[in-house]
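Let me begin by presenting the structure, written as structure tokens, before commenting on it.
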Amino acid sequence: MENLETNPKKKIIKLDFKDVLFKPKRSKLESRRDVDLTRTFKFHNSGNEWTGVPVVASNMDGVGTFEVAKVLQEHKMLTVIRKHYTLEEWQAVEGVKMKYISVCTGTGVIWDPEAKDFATMKAVLKMYPDIKFITVDVANAYHENYADFIARLRDMYPDKTIVAGNVITGEMVEELIIRGADIVKCGIGPGSVCTTRLMTGVGVPQLSGIIECSDAANGIGGHIIADGGCVYPGDVSKAFGAGAHFTMLGGMLAGHEEGGGEIITKHHANGDAHQLADGTYVPYFKKQHFMQFYGMSSDEAMSKHGSRKDGYRGAEGKVVELPYKGKLQDTVTEILGGLRSTCTYIGAKRIKDMPKCTTFVRCTQQVNQIFNSFNV
Ligand code: 5GP
186 MENLETNPKK KIIKLDFKDV LFKPKRSKLE SRRDVDLTRT FKFHNSGNEW TGVPVVASNM
246 DGVGTFEVAK VLQEHKMLTV IRKHYTLEEW QAVEGVKMKY ISVCTGTGVI WDPEAKDFAT
306 MKAVLKMYPD IKFITVDVAN AYHENYADFI ARLRDMYPDK TIVAGNVITG EMVEELIIRG
366 ADIVKCGIGP GSVCTTRLMT GVGVPQLSGI IECSDAANGI GGHIIADGGC VYPGDVSKAF
426 GAGAHFTMLG GMLAGHEEGG GEIITKHHAN GDAHQLADGT YVPYFKKQHF MQFYGMSSDE
486 AMSKHGSRKD GYRGAEGKVV ELPYKGKLQD TVTEILGGLR STCTYIGAKR IKDMPKCTTF
546 VRCTQQVNQI FNSFNV
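Each residue of the sequence shown is one higher than the one before, counting from 186 in the working numbering.
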């Protein structure tokens, strides 16, 4: 297929979640309850099988925590546990089902044999042999030494399911699977607190990227995780419709009690005022709660975790304050409810059927914006 990559004069535009909608289709499903959200996968290199709901919590601060995992496991969803937990914290873990978590490491061990995250990962896998997933998370998995690292890890752990990434092109998905990965994490720059696209100008719009990457993975028996860019439950559905085997969420799962961040209280004038006896007005203030959330390669994350500031690396993540969302359970119910509803609209009985039931229509406006311009 010709596209901008091969012919700059032909404008075949790559699309994001916001650029498409699902075309509704005749359906025999009578209720959202008839939809099966679980999938069973057999992984290409590890040979392991896993059954669950393929929505995954990202290994970010405020998201990839043990407390989040305890909520998500009740829905058979996976959590990639952030790599900064100490061995002592792992030892003290209670009530986490190992089937529904992944350990995580970076690749610092390539340069530093003493790298803490890799040593912790090895010790955790020894301590909890029931953990079957290893996630090797780097912002840019296009380096040759990254693929070499995956190959070495495959030799070390032949029976673990290795998640590698991030990339967003078919040829690199194939490369990583051939070198030993089972699942490739796809997304360069779509994240809610990511600034890679602004800092570097690099990236591929997420929906088109997922279509290309899942096609490449399917061709050789691998799987992909669509990582980043989901803002609404409908985006999670679109990722599955585009062929993602798993969808990873950061921002949508952040800002909850279980993420463990500090709650920030602020007072905003709510527009009303109280008149005093002397005729002057005193504004009423409304209390609002927020929680900090930041990209894992932001300055905030680097200073929290003591990462290298070597003078030639810029931050590629930002810090935001999210309105505090309370219990995670309510958000999860909303996300899974949206997914079920999409399935009934397009006639998909299972998540697995979503790609073949999906016809995306290109749109210029996915929602009616009229009341957004009013201050209500
Ligand atoms: P979200 O669901 O919030 O849109 O995206 C989550 C994903 O953003 C994560 O799983 C991770 O791949 C990516 N991410 C997290 N922190 C950073 C960061 O600081 N910089 C970049 N480039 N990506 C990040």
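Beta carbons are placed, not taken as given, at the ideal position from N, Cα and C, and that holds for glycine.
Separation of the CB atoms of residue 520 and residue 476 is rounded to 18 Å, and the pair is thereby denied contact status at 8 Å.
In this structure, residue 516 has its CB at a distance of at least 8 Å from all heavy atoms of ligand 1. At least one heavy atom of ligand 1 lies less than 8 Å from the C-beta of residue 351. Residue 370 holds the alpha-carbon nearest to the alpha-carbon of residue 432 among 370, 453, 252 and 383.
In the DSSP assignment, residue 308 falls outside any beta strand (DSSP E) and lies within the alpha helix (DSSP H) extending over 301-312. Residue 248 sits in coil when the DSSP states are folded into three classes, being neither helix nor strand. At a Cβ-Cβ threshold of 9 Å, residue 340 and residue 365 count as neighbours. Annotation for residue 402: the continuous alpha helix (DSSP H) segment containing it runs 391-404. Boundaries of the alpha helix (DSSP H) around residue 490: 484-490. Around the C-beta of residue 312, fewer than 16 other C-beta atoms lie within 10 Å, and the residue is accordingly described as exposed. Sequence-distant Cβ neighbours of residue 406 in its own chain, meaning closer than 7 Å and more than five residues away, are 229. Less than 9 Å divides the Cβ of residue 332 from the Cβ of residue 360. Proximity of the region 506-523 to the region 249-257 meets the contact definition, three or more beta-carbon pairs being nearer than 8 Å. Residue 308 and residue 408 have their C-alpha atoms some 27 Å from each other. Leaving aside the five residues that flank residue 270 on each side, none in its chain has a CB nearer than 7 Å to its CB. Not a single heavy atom of ligand 1 lies less than 8 Å from the C-beta of residue 327. In terms of Cα proximity to residue 426, the closest of 282, 473, 397 and 444 is 397.
Rounded to whole angstroms, the gap between the alpha carbons of residue 260 and residue 236 is 12 Å. For residue 247 and residue 534, the gap between their C-alpha atoms comes out near 33 Å. Relative to residue 429, the option among 301, 226 and 304 whose CA is nearest is 226.
No Cβ-Cβ contact shorter than 9 Å links residue 372 with residue 419. In this structure, the C-beta of residue 370 approaches ligand 1 to less than 8 Å from one of its heavy atoms. If you ignore the 5 residues before and after residue 238, its C-beta comes within less than 6 Å of the C-beta of 222, 223, 260, 261 and 262, all in its own chain and listed in chain order. Its chain contains 228, 231, 233, 317, 318 and 367 as the residues whose beta carbon lies nearer than 6 Å to that of residue 346, once the 5 sequence neighbours on both sides are disregarded; these appear in chain order. By the neighbour-count criterion, in which 16 or more other beta carbons inside 10 Å mark a residue as buried, residue 299 falls on the exposed side. From the listed residues 245, 306, 444 and 488, the smallest Cα separation to residue 273 is found for 306.
Listed in chain order, the non-local C-beta contacts of residue 484 below 6 Å within the same chain comprise 500, local neighbours out to five positions each way being set aside.
Distances taken from the Cβ of residue 479 to the heavy atoms of ligand 1 include one shorter than 8 Å.
Here residue 525 is buried, its C-beta having at least 16 other C-beta atoms within 10 Å. Cα atoms of residue 384 and residue 404: separation of roughly 33 Å, rounded to the nearest angstrom. Restricting attention to 442, 492, 389 and 214, the CA atom closest to the CA of residue 511 is found in 442. In the three-state reduction of the DSSP assignment, residue 337 falls in the helix class. The beta-bridge partner set that DSSP reports for residue 468 consists of 458.
Straight across, the Cα-Cα distance linking residue 320 with residue 209 is about 36 Å. Comparing C-alpha distances from residue 470 to each of 358, 374, 310 and 455 shows the shortest one belongs to 455.
Cβ neighbours of residue 240 within its own chain (closer than 6 Å, five residues either side excluded): 262 and 432.
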